[in-house]
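Have a look at the structure below, then the notes.
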Amino acid sequence: MRPSLDDLDFLARVIRRRGFRAAAAETGTSPSRVSERIRVLEDALGVRLVNRTTRSVSATEAGEALLARAGPLLDDLSEAMASVGLEAKQPVGRLRINAPGAAAMALGPLLGPFLRGYPGIRMDVVVEDALTDVIGQGFDAGIRYGERLARDMIAVPLGPPERYVLVAAPDLLTRTGTPQHPDELREAPAILTVLPGGPVPWEFERDGRPVRFTPAARLTVGGGALGLAAACDGLGFYLTFEAWAAADVAAGRLVTVLDEWLQPFPGPFLYYPSRRHLPPALKAFLDYLRRVRPAANPR
């Protein structure tokens, strides 16, 4: 068999996805066929293009060099086919996204409409608070807040600005009094969020005056429901997302304090490494974001 442009496309997908199964899922074929076409290409060129082990697949130096030259041609061909309607109207494949728990919440309202609009796409959303090497672990994209984004990543905003609130149970405020300045909290009973990267410090700002410290915590939690339950029980002041605490505040189980010291900040971003050779499922999701989030332009 003679190599073709399709074989170069298979090679690009195998290298980008670091595996034959993922490349096969993107193209709607079998892993054995993808492997066969890569072998045809290697035989025609007389050089190994990918290193295969039972655990991983990676590009050889020759494979990287070939893609550096052939990649722009594949991009131009894809755009030409799309311009005359030759590409599939409905993309297929799997979209793998990694996100910490807080940032993943922004996906909630987006998943249903997207998956209903693209029935050929499967989504795997892996939620973990550790700062995972998203690309190295085979994900198509990740979700992070701005301060945790690598500078070489393309980032697309997922939602509107967010805000922290400091909450406490009414009976706790009866015992301790209502603080008027963040410094009063340094030794107050506190519930502190601790993630795999360490404790999350409390940050306040008013009139350009920042105050930042890690309180002497009476209780540490991983965040979310457990922290809110402990705060409702009066175990300490708790810094959390405004949206997460809204129901307890509305019901009177919690009260917000120092609101004027807690300013809005940009919401989470979807990030990915390159505009070149985007997997069809990721490209479809980015197109969808631009339709439903007019401000979702890459930075």
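Mapping the sequence shown onto the numbering used here, position 209 (from 1) lands on 1568, and the numbers just tick up by one.
Virtual Cβ for every residue (Gly too), placed ideally from N, Cα, C.
Run through DSSP, which three-state label would residue i get?
i	result
R1565	strand
A1424	helix
G1626	coil
T1491	coil
G1378	coil
L1578	strand
T1573	coil
T1615	strand
P1431	helix
P1722	As shown, the chain starts at 1360 and ends at 1658. That puts residue 1722 outside it, with no answer to give.
A1604	helix
A1383	helix
A1371	helix
G1609	Looking at the sequence itself, residue 1609 is Ala, so the reference to Gly does not match. Three-state DSSP puts A1609 in a helix.
In this structure, what does DSSP give as the bridge partners for residue i?
i	result
S1417	N1410
D1483	R1455
Y1597	V1526, I1550
F1498	Looking at the DSSP assignment, F1498 forms no beta bridge with any residue, so it has no partner.
Y1631	I1513
E1521	F1624
R1503	F1628
G1557	L1554
First and last residue of the alpha helix (DSSP H) that includes residue i?
i	result
V1651	1639 to 1651
L1587	1584 to 1591
P1472	1467 to 1476
G1460	1460 to 1463
Grab the span of the beta strand (DSSP E) containing residue i for me, first residue to last.
i	result
P1393	Just to set this straight, residue 1393 is Val in the shown sequence, not Pro. That residue, V1393, is in no beta strand (DSSP E); its alpha helix (DSSP H) goes 1390 to 1404.
Measuring from the CB of residue i, is there a heavy atom of the ligand ZN at a distance below 7 angstroms?
i	result
V1614	Absent from the structure shown: the ligand ZN. Ligands present: none.
Please classify residue i as buried or exposed, where buried requires at least 16 neighbouring CB atoms within 10 angstroms.
i	result
A1383	buried
E1401	buried
V1373	buried
N1457	buried
T1537	exposed
D1366	buried
L1641	buried
A1447	Because A1447 sits at a pLDDT of 49, beneath the cut-off of 50, its placement in the model cannot be relied upon, and the point is left open.
R1650	exposed
E1385	buried
F1572	exposed
R1534	exposed
A1418	buried
Could you round the C-beta distance between residue i and residue j to whole angstroms and report it? I think they count as a contact, below 8 angstroms.
i	j	result
G1505	F1628	6 angstroms
V1580	T1552	6 angstroms
A1421	L1433	With 8 angstroms as the limit, A1421 and L1433 do not qualify as a contact, their Cβ atoms being about 17 angstroms apart.
L1637	V1515	No, L1637 and V1515 are not in contact; Cβ-Cβ is about 12 angstroms, not under 8 angstroms.
G1557	G1460	About 16 angstroms separates the two Cβ atoms, so there is no contact after all.
Q1449	G1479	5 angstroms
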